[in-house]
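For the sequence shown, this note's numbering gives the first residue as 14, with consecutive numbering after it.
Glycine included, each C-beta is placed from N, C-alpha and C at the ideal position.
None of the values given here were measured: they were computed from a predicted structure.
Contents: one structure, followed by commentary.
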Amino acid sequence: MASPGEAAVKDAHVGKKKKPPARYWQEPQDKGKDENEVGKEEQPEQALQQKEQKTQKAKKREREEDQRDGKKFISGKSDPFPGPASIPEDRMQKFKRKDKTKKAHRQHYKLRAIMARSEEASEMAQKQAARFDLLLPEDAGFLEGDEDEDTCMISQEDIADAVDIASGAKYFNLKLSQFGPYRVDYSKTGRHLVLAGRRGHVACVEWQSKQLMCEINVMESVNDVKWLHCETMYAVAQKKWLHIYDSNGIELHCIRKFNDVLRMQFLPYHFLLATASATGFLQYLDVSVGKEVAAICTKAGRLDVMCQNPHNAIIHLGHHNGTVTLWSPNQKEALVKMLCHQGGVRSVTVDKTGTYMVTSGMDKKMKIYDIRAFKPLKSYFLPAGASCLSLSQRGLLSAATGDIVQLYRDVWSTPVTKPYMAHRVRGTVWGLHFCPFEDVLGVGHGDGFTSMLVPGAGEPNFDGLDANPYRSAKQRQEWEVKALLEKIQPELITLDPTELGKVDHATFEQRHQDRVQALGFDPLAREKFTPKYKKKGRSSAGGVERRKKQVAHEDQRDAIRKSVEDKMKMEKERKARETKAAILSSQRSALDRFKK
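Written out as structure tokens, the structure reads:
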């Protein structure tokens, strides 16, 4: 038998329950107790560590802000030139896009935010373009002679010998006396050349590599030739109708609506081919869809002088009575009529900025006009007159007189006494065209074609997104799709393209008045303020009157602001008139000697 002590021990062992095994997600209880005790001891140490970490982060943040502001370097030295580099004002003006627009009323907060974002983006683009202008790789240069040496006496052979081999190869002559004289046209990228002889010979050439793309004879007389939007298609104005060919010489279209075409111009951003005919019609063809956009009877007889304004896509026509007319496909009448010469107009050309127009007439004069004011700036007398005119991207003017081609510099800024360059070709000149992005002038004449070297004629830096001379076939296809998506509609062709971004207030007011008459009330008028009824005694008579006065003060503030602006404007105009009158009164007149 077990003793009472052993039984007591057994009962004690049986009474104790076995503990379950600890799991990984459970914390031991005794550990928690120890942590509570230890935590009280370690709490001051943790607080000190956290404080040190915060001070270190704050110091690091201050250091980064100082570096960003350009105040200090890591070494602690101050930056002698803090902030971003300054941009010269003249370079900023070169890339200026638009003037700042007047902000909308504060009620139109969404419109104000949109306008602010647009102005910020425009200003950022202007600054970036001005900064990147320093990185452009090429500079334009001109021909400079030695002391007592005229540059017009330097021959093309001397220039070709002096320049490098690649540039010297750009001077060449094509003897094509059988089918001349020739019209010429370069593609937008300046890589391809198309020649059209009067007697039906048409040829496409990749002129820098001298590789012939196609050569055909249309078996009838040719009046003009033009590349279309890319170098895969070109238009030929033949004796009867207008024909479209591809770069392999295959006829794609024969457009019988366009008959007796004499001159053509292609508008690249509108995909419009403008034609002037012997019957006096100016017609526009949309080459993207193959439809006639407009047909305008000019009532001015035979149209054989034509050019376009690259800035606003307005067509300039020269007439036999000495006038130059400006046309848009949106109106049946001429936008502007200018009497330029006493005899018939022989040639017209406009610079790429759309500021200056150069004309030559039967009166043997060459005149330069400012198109913004429609006033003549300079007038030059040429002994035999100029039959063909052309302007380069850098503002060089080429004028053909018989078989002599003369080039002039800065014809609209300074009086010109002698030509910049001169060259005699083998026959009478029939077509002139400067090659884009190259210092080359293409001359089509009775004995074929001549490629002249003209230093300083082409723009040295091209825009790769607009006209890339080195693009591949895949890049050309992608550019063509993008250009079609961004095509400008012909309805947007106006004399002043900046008007498209403005609101026609007169039209808006007229429409608003018609709407008021139709409805019997003004839908845009502000409703009379009626205070909202509030509970808990807040709609007492005094509170309602205070709210009414507050709204009335806001209306009154707007009226006062408008009247102050009008007064300031009138004061500014008055001061300008007084200044002008003081300047005029201070000038001496030839009639002052008759005053007593």
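For the beta strand (DSSP E) that contains A248, what are its first and last residues? In this chain, the beta strand (DSSP E) harbouring A248 covers 246–251.
Whose C-alpha, out of S464, K588, P482, is nearest the C-alpha of E472? Of the candidates S464, K588, P482, the one whose C-alpha sits nearest the C-alpha of E472 is P482.
Given a cut-off of 8 Å on the beta-carbon distance, is the pair V459 and T441 in contact? The identity of residue 459 in the sequence shown is Gly, whereas the question assumes Val. Going by C-beta atoms, G459 is nearer than 8 Å to T441.
From the beta carbon of V274, is the nearest beta carbon of chain D less than 8 Å away? Protein chains in the displayed structure number just one, and chain D is not present.
Spatial neighbours of C320 in its chain, beta-carbon cut-off 7 Å, leaving aside the 5 residues before and after: Cβ neighbours of C320 beyond the five flanking positions: Q278, H329, V361, T362, V363.
Classify Y393 as helix, strand or coil using the three-state DSSP reduction. Strand at Y393.
Once DSSP output is grouped into helix, strand and coil, what is the label at Q355? Looking at Q355 - three-state DSSP - the assignment turns out to be coil, as it is neither helix nor strand.
Between M105 and A143, is the Cβ-Cβ spacing less than 8 Å? In contact: M105 and A143 (Cβ atoms closer than 8 Å).
Based on Cα-Cα distance, which residue from A126, T292, K140, K223 lies nearest to S464? Checking every option, the nearest Cα to that of S464 belongs to K223.
Quick check: the stretch 373–387 against the stretch 396–414, are at least 3 beta-carbon pairs closer than 8 Å? Yes, the stretch 396–414 is in contact with the stretch 373–387.
Quick one: using the 10 Å Cβ neighbour count with 16 as the cut-off for buried, is C217 buried or exposed? Classification of C217: buried, given that the 10 Å Cβ count is 16 or more.
Does the stretch 482–491 come into contact with the stretch 164–175, if we say contact requires no fewer than three beta-carbon pairs (one atom in each stretch) closer than 8 Å? Result no; under three Cβ-Cβ pairs closer than 8 Å.
Could you give the DSSP three-state label for Q191: helix, strand or coil? DSSP places Q191 in coil when its eight states are reduced to three.
Cα-Cα, which of R551, K109, D159 is closest to E132? Minimum Cα distance to E132 is reached at K109.
Quick one: using the 10 Å Cβ neighbour count with 16 as the cut-off for buried, is H256 buried or exposed? Within a 10 Å sphere around the beta-carbon of H256 sit 16 or more other beta-carbons, which makes this residue buried.
Roughly how many angstroms separate the alpha carbons of S373 and S403, rounded to a whole number? Straight across, the Cα-Cα distance linking S373 with S403 is about 11 Å.
From the DSSP output, read off the bridge partner residues of K350. According to the DSSP secondary-structure assignment, K350 is paired through a beta bridge with T338.
So what does DSSP say about S8, is it helix, strand or coil? Lying before the first or after the last residue shown, residue 8 is absent from the chain, which here runs from 14 to 609.
Tell me which residues share the same chain as L390 and place their Cβ nearer than 6 Å to its Cβ, disregarding the 5 neighbours each side in the sequence. Taking L390 as the centre and dropping the five residues before and after it, the same chain places the C-beta of I381, D383, W425 closer than 6 Å to its C-beta, in chain order.
Does I506 pass the burial test, meaning 16 or more other C-beta atoms within 10 Å, or should it be called exposed? The residue is buried, with at least 16 neighbouring Cβ atoms inside 10 Å.
Closest to H333 by C-alpha separation, out of D452, G314, L280, T164, would be which residue? Ranking the options by Cα distance to H333, first place goes to G314.
DSSP three-state assignment for L145, whether helix, strand or coil: A small fix is needed here, since residue 145 is Phe in this sequence, not Leu. Per DSSP, reduced to three states, the secondary structure at F145 is helical.
Based on Cα-Cα distance, which residue from P281, V274, L280, V231 lies nearest to Y258? For the residues P281, V274, L280, V231, the minimum Cα distance to Y258 belongs to V231.
Provide the residue span of the beta strand (DSSP E) that contains Q224, from first to last. DSSP places Q224 inside the beta strand (DSSP E), whose first and last residues are 224–230.
From the DSSP output, in three-state form, read off G374 for me. Shown here, G374 sits in a strand according to DSSP, grouped into three states.
K270: first and last residue of the uninterrupted beta strand (DSSP E) it sits in: Looking at the DSSP string, the run of the beta strand (DSSP E) that includes K270 is 264–272.
From T368, H121, I309, residue whose alpha carbon lies closest to that of K345: Selection T368, H121, I309 evaluated against K345 yields I309 as nearest (Cα-Cα).
What does the Cβ neighbour count give for P342, buried or exposed, with the cut at 16 atoms within 10 Å? By the neighbour-count rule (16 or more Cβ atoms within 10 Å), P342 is buried.
Assigned secondary structure, Q296 (DSSP; H/G/I helix, E/B strand, else coil): Shown here, Q296 sits in a strand according to DSSP, grouped into three states.
Can you tell me which of A129, Y122, Q141, T114 puts its alpha carbon nearest to the alpha carbon of P97? Taking only the C-alpha atoms, the option nearest P97 is Q141.
Of the residues D237, M246, G262, I263, which one's Cα is nearest the Cα of K253? It is D237.
Grouping DSSP H, G and I as helix and E and B as strand, with all else coil, what is T592? Three-state DSSP puts T592 in a helix.
Does the Cβ of R196 have 16 or more other Cβ atoms within 10 Å, making it buried, or fewer, making it exposed? Residue environment: R196 is assigned as buried (16 or more neighbouring CB atoms within 10 Å of its CB, all protein chains considered).
Contact set for V274: own chain, Cβ-Cβ below 6 Å, skip 5 residues either direction: In the same chain as V274, and ignoring 5 residues on each side of it, the C-beta atoms closer than 6 Å to its own belong to A250, L255, T288, S290, in chain order.
What is the DSSP secondary structure of F450, counted as helix, strand or coil? Residue state, collapsed to three classes: coil.
For C353 and M166, the rounded distance between their alpha carbons: About 32 Å.
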